Structures are given as C-alpha cells and as structure tokens.
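Presented below is the structure to which this report refers.
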Amino acid sequence: MAEAIVSSAVDRISHLLIQEADLLLGVSNEVKLLRAELTRMQGFLQDADRKQEQDECVRNWVTEIRDAAYDAEDIINTFIIRVARREGGYFLEKLVPILSSRLYQYKISKLIKSIHGKIVDISSSMRSYGIYFNGEGDGSSTSTAKMNGQLRRSYLRVEEELVSLKSCRKDVMDRLMIEEERFRVVSIVGFGGLGKTTLAKKVYNQNDVSEQFDCKAWVFVSQKCATKDVLRSILIQVMRGKRDIHGRLKDEEMVEILYQFLREKRYLVVLDNIYRKEVWDSLKYVFPNGKKGSKVLLTTRNREVAMHADPWSSPIEPRLLTNEESWKLFCRKAFAKNSVTDCTCPPEFEKIGREMVKKCSGLTLAVVVLAGILATKRSLNEWRAVQRNINAHLNKYKQQQQHGGIYGILALSYQELPFHLKPCFLYFGVFPEDCEEIPKKKLIRLWIAEGFVSQRFEEDGEETMEDVAEKYLEDLIDRCMVQVGKWESTGRGVKTCCIHDLMRDLCVLKAREEDFLGLIQQKGHSILQLATANPRRITIHPLEHSFQDHESHAPVVQGYPHLRSLLCFGNRYGQDFIEVTHGISDFKEFKLLRVLHLEDVHLYSSKSIGNLFHLRYLGLTSTKSSGSLDLPPHSIADLQSLTTLDIRGYNMTRLSNGVSNLVSLRHLLLPLNQDQGRFQIDTLRKLETLKYISFKNLIRGNAMLKLTSLRSLGVMFKASEEADVVLKSPVMISGYLRTFHMWMMSANAFSNLEPLSHCQYLNKLKILGRILDGNLEYLPITLSKLTLFASKLQQDPMAVLEKLPNLTFLHLGEDSYNGSKMVCSVNGFPCLEILEITGLDLQEWEVTEGAMPSLRMLYIRNLPRLKMIPEGLMSISTLQHLAISGMTRTLRNRIKAGKGVVEGEDFYKVQHVPFIEIID
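So the sequence shown is numbered by my numbering: it starts at 2 and just counts up by one.
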C-alpha cells in the first residue's frame, strides 16, 4: 500500500515539474531531488508490504515513508496554490511584496529539504539493519501496472450451484411452498462466507416460487440499516408502481400501508443478513397473516435471531463443503479459462493446492478467494510462497472470526495484490455498507481523481486512464475480491459491482490501519467519529434515525487540513438526509481536496467551492439545498484541475459560463431537462463524456469541430434541423464516439438519420423521439445496443433491425411502434441476446423458426392487446429467462403452469425456459 502512495506521489510530482514548471520557480531543484529519493524508495517498498506483517521495524519504516510522501505532496500543492493565486490576481487584492515572496519560497524550500533529509535518514537506518534497495524504481510501478493490464482474463459467466447447497435448497423450497394458515418465518443460518445469500437467491429466483406468491421483495439489512429504509424498500418492490412512495411518509404510515396491502396477498419477503433480534422486533408488525402460505425468509449468522423470529420453525443450516467439494470449487475458479471444462489442476500443483484448500475449513468464500490468489500465480515456487504465508495469517486473524480464521485467507488476498490494486480495493470502504451495487463508471472516475491510475499511460499514447482503471476492476473481479452486481445490457462488460460483507470488513480494517480512510457515522443522537489519527480521506454515512433538530446533530468535519477526499452519502430514499453544515460547505479548510462527492445531502452553500484549487472530482448527485443553488462563475472557474463534474439531480437554476474554464474536464454530467442557460464548451478539448446538453450549448463556439475526444454524448433537441447539424458533424463522422443518446424535446421528428451510417465506432444508441419511416435502414452495423422510445414508427421495425449483425441488446420502448403486427424472420437477429418490448399497441407477434438463435432474455411488458406469445419461441433453445408483466389475464393464463395450476394452452411454447416470471 505504501508503494502505491509513493508511486502516486512520484507521478504527481513529475507531472507538476512538467505542467506547472512556472509555478515551481525557486523550489524546482529541491522538488527534483525529492522525487529522485522517493523513486529510489520504490525499490524497497516492492517487498516491504509482505515483510511488514512479520517485522515491526519494517512496518515503522513503511509508515514513515508513506507519511513523508503525503507530506511532500501537501507542501508542494500548498505552494502551488499560493503562487497561482498570487499570479492570477483574484485572491490577493494587492501585489505581494517581493521580499514576502522570497521569504515564502525560502520557507517551502526548507520544508522540502527537511522531508528529503527524513527520507535519507530512513534509508541510512535500513542499511544499518542490512536492508538494501532491490532497484532504483525507474518507473517499475508503471511497468508492473502494464504487465498486470496485459494479464487480463476474459470473464467466465457461469451460474454454479454448490453440491452442499442442493439439499438445503430443496428444504427451503419445500418450506416456502407449504400453505399454512398464518405467515411463517423460514430462516437460513450459518457462518459468514458459507453461502446463505447465494442459497436464498437461488430459491428466490425459482419459477415455482415466482408463481406461488402474488408479490415478492428482497432487502439487504445492513448492521446500521434504519427501519424506515427497510420498510420503504419493501413497499417499492411489492407495490410495483401501484402507489407513489414519496420520501415524507412516516414509519407508522409505511407500516399501515404495508400491512393493509399484504393482508390481501400471498407474499414472500426476504430479509438478508439480519444481525440482531431488535431488528426483527422493529419489523414483525408489518407482516399480516395474508393469504395462506405467506412467508418471510431470513438469512442470519445468529441462530438466536432465527429462533426469536419463529420459535416453531427450526433454522436451515447449510453444511460446510467437504474437502473434495472444496477442491472441485477451487479448481473451477483457479483454472477457469475460456471453457467451463478446462479446470484441471496440473499434477505437480495438486498436493500443495489441496493442503491450502483444506485450510479454508469448507467455507465457500475462503475457497473462492484463495482460488483468486492462486489464479494469478504461474509457478510452483509462487504457490509455495503463498502457502508459507497462509499459516501466519490464519494465526493472526483466527480470533476475529469463527471457523478456521477466514479473515486470514481474506487478509492474504489483500497482501497478494500488486501495489497499484491495493488502494483501489481499499476504496470500496468509502461506500455505505448497504450499497449493494456500485456503478462502474463512478468508481473508475473516483479512482482516477484520487490518482490511483498513472498519467504515464496516456502520456505514452497507449490507452486512456479510464481503460486502465477498467482493467484494474476486472483484475479485482478475477481475483474474486470484488463481485459483479450487474452486467451491461450487451453482456460484455460490468455495469455495477459490490463486495461481500466480510470482505468489506477487511477493507475497512485495513483502511484504518493504513491511515487510508476515516469513517464518520451518526447513531441515535451521537456522532461516531471513526476517523484515524490523520486520514487523507473521510466518508460520512447515512443517519440511522431522523432528528427534529438536524443542525445540532449534523456531522461536522473540521481539523483535517490535509484532507484529500470527502465523500458524503445521505439517505437514498429521500426521507432523511445528511445536512452538510458550515464545517463542510465553507470549504476554506480543505484546500488540498481532490474529491468531493455529496450524494443525497443538504448543502447550504457552494459559493466558496472555488477554494478547492486541486479538486478533480465534484459530484453533487441528488443534492438538496435550502434554496436554488448555482455554481457561481468565479467559483467554478477556479477549479482548473477538475476532471469530473457530475451534477445530475442538482437543483441549480442554471450552469454558469465558468464551466468553459475547466480545460481538464473529461466527464460532464448535467441535470436532465433543466434550463442550462448559456455556456460554452468549445474549450473543453479533453471531454470524453457529455450528457445531457442542449443543442444550442453544444454548437456554441463551433464546439462540434473541437470536441474530438468524445466517446459518450447525450443531446437534447427541439427541431429536426438541429439533429441534422449534430449528425453531420466531425464528432459523429470521423470521431471516436461509442455511445450516443438523442432526445427530441418536442413533437418534431428525426427526419434524416443517414449520417449515422458513417459512424464507424458507434456501438450504443438511444433515440427518444419520433422517427420518420425509412430511417432505420441507416443505423450503423457496428451497433451492439439499441433503445427506441416514442419513435411512433408505422412500419414493422423488425424487418430492418434484424439485419444488424452485431446487435446484442434491443429495447423497443413505449410508443416506439404504432403497428399491430410484428414479424421476426428466419436467421434474423443472429447475435441478439436480450430483447425488451414495452408499451406497444401490438396485437400479433410472429417469430419464425430460426430467428433470434442467441436470445437469452426476453422481457414483455404492457402489451394489453397482444393475444398470445409467438409459436416460434419454442425453437429458441438458448432462452433462459422470460419475464411477462402488465399483460391481460387471458394471456397470462395461457402460459401459466406449476403446482396446483392447470397448464396453460401456450405453456408448451416456453416449457424449455428455466426461469419464467409472470407478474399480474
């Protein structure tokens, strides 16, 4: 971890010496000497992380080097702020006397020399103990990062079911399907990492379960989860749009609404990961007896919780894996390549591998994580090195977790990470515990703003920092330390990710040990400040209870002048939100801040945000305010280092023209359908993402001729002529645009889509608005994802769309087609995997045998006039998931089949589909 910090410091200082040479006049020689010494230190730090686990002296040295690197960056950045403001003339009203300037340079020079001397002393101390550098650094960190990027492995998306869970699954299924007079609680109990949630999800998604219950809900219950959040989540899921669940409902109101709604239903509610009996007591009054057979399914590590919830129902306890089951699972994970069957362990590795797997004591998570460690090792010596470390880690952590010290395996997986991935992993600790799905794009942009991805990649002209960061995430997934939440609709990449709660515990523990992260929480009427001694990052997590007097109990962050990152997460359902008091919103104390992310919070003022000279990431998503908050021109214009500005959901009146000065900006995400005022973006030559911008602001200053780096663009139009201008621009024709969203904000139509046929890199397209017939034939053959809404097409679109050779995802949304009949022909849609059809006036749908040979998922929603599902579905052997909702009772009954249900006359068409979901 220390090497990552030093490497980041070296990169940052090197960048400053090149980009800010004028601002470093007077201290540049000292900065160069400091950079050279830090670079030399990288040679020692490459092995230090492993040694510090057993050697207190090494641990102390690593801490001192890490702190020295932080201090060096702080001093240089502080100096740059002062010089920049003096020369810019907007901070000091009068010219600073030359003598004062020289005195300040002398002071900074002395501080830099002091840090340099401290590092030299550390080096001398190590040599006196017989420890020498392994090399001079010379960009080894970057070389290592490149090498790891090249070791990227393709994902293996295999739905596995462990042998140990199969018998339990039958037991859970049997209990859920029993129709008793009163609602019953079914509990799954076991150690962390045993597979309880996996088992519950398998059952929850079964066809028979979906057909048995009128409504379902799944809620993850974190240790700090508020009752109101659980209630709101259940309400939203079971009512499915039948009522507007606004943010001001009181707990007792939600209890009453839920109780009355569920009493008429046969319901299934899953409460995943309940820790305490008190949590159940706060929720149990929500659940009426309902229709016969209603159930609540709990997963918990605490047997007492299960018995307390329902003393008459014995808990289901999944058994541990046997040694042989553990070995088979290990081999599937450690040796999986591009084929499910190619999972054989080489004979010379088997003995040592089995010995290590035995240490996992049959816990699924431990086996999977160990496999992730060894999947990156290529030689027997590397395996032996891992084995030597396992016992030490198990002994160290076995008191913290029952059963074989699973923490030891998890800690070893962290230690085995290459240095550039360690801060990326620890960063998961900034997100709240109940944050089950973290958007990949947000995570990557935060990593880049933090400096976890070296700028040398782009300087070498190889690939963008976003591409490198995505490979970092893929590597963590391959190592089984991070889990995929959702896949992109094309099925070819990650959309969201998450980590197991035990892995998150390790993440927070290591982050505190490394002074990487401080955590501030509120509980009851007290503030729990879990910050470390001098954290460079602080994250504030949601309130557990609501307060009458928000301000007196709102968290205040003060006394951290060296803070690099501040992230604040409010209540996602909008009932209570963290109020950011003057301690945060004044911003004067946080001059070194690189990341400011405020999500679902109450911000009083943004006027002094211009103090954050080094800010790289500004996120104000769904931010509340006392009044209308603008970003003042003089304030936002000062954020010269900003790379991401995400103000989606921010209730501004208009965006100031100060955004034109943000020349480093790469990602600009604006509120949808708001008055944007007048501002120019033609100066933002580095922009890669721009959503959603009005046409008038997009073309001002001939921006479309200059934004040659755009990869993702969303535009709001008012006339077809406006769309013609954008479609014929160089950005579309000769640029590298990958994703394009077009939204017609009026009744006008997109009359000419012909220029789209020349977009050779475009693979994702969304069109919201009327399309004149005949224009679909111009869609580029490179498209893999297409979404159409309100297109009002008169001719069957399938005749054209099915010829797109690379299309894997198609969503025909509401009013996209006004006809009554649709036909999918033989050999049409050769690569289509996901098809969604929503809100059409369709009466007849014909699917010819041989059409859509790759279809995996089919979603049919709100087609009230459709008489029956196509006969041709029975020939699509690849279909795995069929979801039908908002359809007539007649059509639903033609498909339904299962326990106690007469088989529908159309069931034969889909009886081969493993998962069928039919929602009334």
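All residues carry an ideal CB built from backbone N, CA and C; glycine is no exception. It should be emphasised that the depicted structure is a prediction, and the values quoted were computed from it without experimental measurement.
Cα-Cα separation between residue i and residue j, rounded to whole angstroms
| i | j | result |
| --- | --- | --- |
| residue 231 | residue 706 | 50 Å |
| residue 324 | residue 171 | 23 Å |
| residue 919 | residue 227 | 32 Å |
| residue 358 | residue 211 | 37 Å |
| residue 188 | residue 316 | 5 Å |
| residue 879 | residue 857 | 6 Å |
| residue 305 | residue 278 | 8 Å |
| residue 263 | residue 289 | 7 Å |
| residue 216 | residue 478 | 33 Å |
| residue 569 | residue 535 | 18 Å |
| residue 909 | residue 896 | 8 Å |
| residue 543 | residue 601 | 9 Å |
| residue 644 | residue 596 | 10 Å |
| residue 769 | residue 68 | 52 Å |
| residue 388 | residue 834 | 43 Å |
| residue 850 | residue 219 | 37 Å |
| residue 598 | residue 592 | 15 Å |
| residue 510 | residue 426 | 12 Å |
| residue 413 | residue 40 | 27 Å |
| residue 261 | residue 310 | 21 Å |
| residue 180 | residue 266 | 13 Å |
| residue 724 | residue 237 | 38 Å |
| residue 296 | residue 270 | 7 Å |
| residue 547 | residue 816 | Residue placement at residue 547 is flagged as unreliable, the pLDDT there being 38, under the threshold of 50; a coordinate-derived value is accordingly withheld. |
| residue 841 | residue 490 | 21 Å |
| residue 435 | residue 500 | 11 Å |
| residue 806 | residue 854 | 12 Å |
Assumed close pair residue i, residue j - CB separation to whole angstroms, cut-off 8 Å
| i | j | result |
| --- | --- | --- |
| residue 336 | residue 274 | Actually they do not touch by this definition, with Cβ atoms about 31 Å apart. |
| residue 322 | residue 373 | About 16 Å separates the two Cβ atoms, so there is no contact after all. |
| residue 684 | residue 669 | Contact flag wrong, Cβ pair sits at about 12 Å. |
| residue 328 | residue 353 | Wrong, their Cβ atoms sit about 12 Å apart, outside the cutoff. |
| residue 565 | residue 538 | 6 Å |
| residue 493 | residue 618 | Residue 493 to residue 618, Cβ: 27 Å. No contact. |
| residue 411 | residue 507 | 5 Å |
| residue 611 | residue 640 | 7 Å |
| residue 820 | residue 790 | 16 Å between Cβ atoms; not a contact. |
| residue 866 | residue 886 | Going by Cβ atoms, the distance from residue 866 to residue 886 rounds to 15 Å, so no, they are not a contact pair. |
Residue i, enclosing beta strand (DSSP E) - first and last residue
| i | result |
| --- | --- |
| residue 486 | 484-488 |
| residue 597 | 596-600 |
| residue 218 | 216-221 |
| residue 185 | 185-190 |
Close beta carbons around residue i, own chain, < 8 Å, minus the five adjacent residues each side
| i | result |
| --- | --- |
| residue 256 | 232, 286, 287 |
| residue 95 | Note that residue 95 scores a pLDDT of 39, beneath 50, so its modelled location is shaky; the value from the coordinates is reported in the next line. Contacts found: none. |
| residue 356 | 388 |
| residue 293 | 180, 181, 182, 267 |
N- and C-terminal bounds of the alpha helix (DSSP H) containing residue i
| i | result |
| --- | --- |
| residue 647 | Residue 647 -> not in any alpha helix (DSSP H); beta strand (DSSP E) instead, spanning 645-647. |
| residue 673 | Unbroken run through residue 673: none, as it is neither H nor E. |
| residue 359 | 348-359 |
| residue 473 | 466-479 |
| residue 329 | 324-335 |
Residues near residue i by beta carbon distance below 7 Å, same chain, minus five either side
| i | result |
| --- | --- |
| residue 344 | 332, 333, 336, 337 |
| residue 777 | 798, 801, 802 |
| residue 905 | 894, 895, 896, 897, 898 |
| residue 196 | 163, 166, 319, 365 |
Cβ-based neighbour list, residue i, same chain, cut-off 6 Å, excluding 5 preceding and 5 following
| i | result |
| --- | --- |
| residue 318 | 190, 191 |
| residue 495 | 441, 485 |
| residue 875 | 910 |
| residue 729 | 756 |
| residue 176 | 187 |
| residue 183 | 290 |
| residue 407 | 194, 364, 367 |
Contact test: residue i Cβ vs the ligand ADP heavy atom, cutoff 7 Å
| i | result |
| --- | --- |
| residue 756 | Questions concerning the ligand ADP fall outside what the structure shown contains, since it holds no ligand whatsoever. |
Chain C contact for residue i (CB, 8 Å cutoff)
| i | result |
| --- | --- |
| residue 615 | Looking at the structure shown, chain C is missing, and only one protein chain is on hand. |
Ordered list of beta strand (DSSP E) runs contained in the segment 846-872, each at least 3 residues: 858-862
Beta strand (DSSP E) runs contained entirely in the segment 226-300, provided each spans 3 or more residues: 268-273
Entirely enclosed alpha helix (DSSP H) segments - the segment 747-808, minimum 4 residues: 799-802
Alpha helix (DSSP H) runs contained entirely in the segment 662-718, provided each spans 4 or more residues: Taken in chain order, the unbroken stretches of alpha helix (DSSP H) that lie wholly in the segment 662-718 and span 4 residues or more are 696-700.
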